[in-house]
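Scroll down for the structure; my scribbles are underneath it.
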Amino acid sequence: MPLTATVVKGDPVVRFLLLAVVLYVGWYALYEFVLHPMGALDRATIDSLISWASVILTGLGYELIPEPANVENIRTIGVQGGHLLWIGDPCNGVGLFAVYLIFLIAYPGPWRHKLWFGALGLLTIHLINALRVAALCIIVKYDYELLNFNHDYTFYVVVYGWVFLLWAIWVRKFAPKTPVRA
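Numbering (my numbering), first residue to last: 15 to 196.
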């Protein structure tokens, strides 16, 4: 069956997939050619992660390693007795924010709920990522050898699991129960 406007409008799965692909390609182009080269979005997100993780770590009683003097664009955080943890752009969560929002926008549902659920989701994803950064700082303090495994596997399961849970909540609680014609 050819992909016509009638098929796209008539089949909610095709509509969702096409819209998600178009939104992702648009996001990818915007990020790669505009936002990432400018650096402001990544910088602000990393600064916020460092700030939130600092609050978490000091709240747990850890003393932070002081920031190096006369250094611009600090991307590191660590606790006394450990090493500084460097936060790169791929680890700041911006790409995950985009994928979460693309799913939410492409999937059917009322916009009044998409707005608040999208904002709440971004906030909680960022909090989970800040908890991840804080936990990695603690891991580095006690056993540096565990850093790579936890960075590459454990926390991916936790963070992506959280995003999947948010999507599942959206589908079960807010998306229409019957297919909606676009």
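All C-beta atoms in this analysis are idealised placements derived from N, C-alpha and C, irrespective of residue type, glycine included. Bear in mind the structure is a predicted one, so any value in this text is a computation, not a measurement.
Exposure of residue i, with buried meaning 16 or more beta-carbon neighbours within 10 Å
{"i": "V147", "result": "buried"}
{"i": "N162", "result": "exposed"}
{"i": "W125", "result": "exposed"}
Minimum C-alpha distance to residue i - residue among the options
{"i": "V36", "options": "P104, G75 and A112", "result": "A112"}
{"i": "Y42", "options": "V108, L179 and G24", "result": "V108"}
{"i": "F131", "options": "T168, A189, I79 and L63", "result": "A189"}
Start-to-end residues for the alpha helix (DSSP H) that takes in residue i
{"i": "W176", "result": "F169 to I183"}
{"i": "D103", "result": "Careful: D103 lies outside any alpha helix (DSSP H) and carries neither H nor E."}
{"i": "V69", "result": "A54 to G73"}
{"i": "F131", "result": "W125 to Y156"}
{"i": "Y38", "result": "P26 to L44"}
Per-residue DSSP class, three states only, for residue i
{"i": "V108", "result": "helix"}
{"i": "L78", "result": "strand"}
{"i": "V93", "result": "strand"}
{"i": "A189", "result": "coil"}
{"i": "Y114", "result": "helix"}
{"i": "N87", "result": "coil"}
{"i": "P122", "result": "coil"}
Review point. If we count Cβ pairs, one from each stretch, closer than 8 Å, do we get three or more for the stretch 113-120 versus the stretch 68-77?
Key: Under the Cβ criterion (8 Å, minimum of three pairs), the stretch 113-120 does not count as touching the stretch 68-77.
Point to revise | the stretch 42-51 in contact with the stretch 118-136 per 3-pair CB rule at 8 Å | key: Below 8 Å, too few C-beta pairs join the stretch 42-51 and the stretch 118-136 to call them touching: fewer than three.
Review point. Do the stretch 83-94 and the stretch 167-180 make contact, defined as three or more Cβ pairs closer than 8 Å?
Key: Three or more Cβ pairs closer than 8 Å define a contact, and the stretch 83-94 falls short of that threshold against the stretch 167-180.
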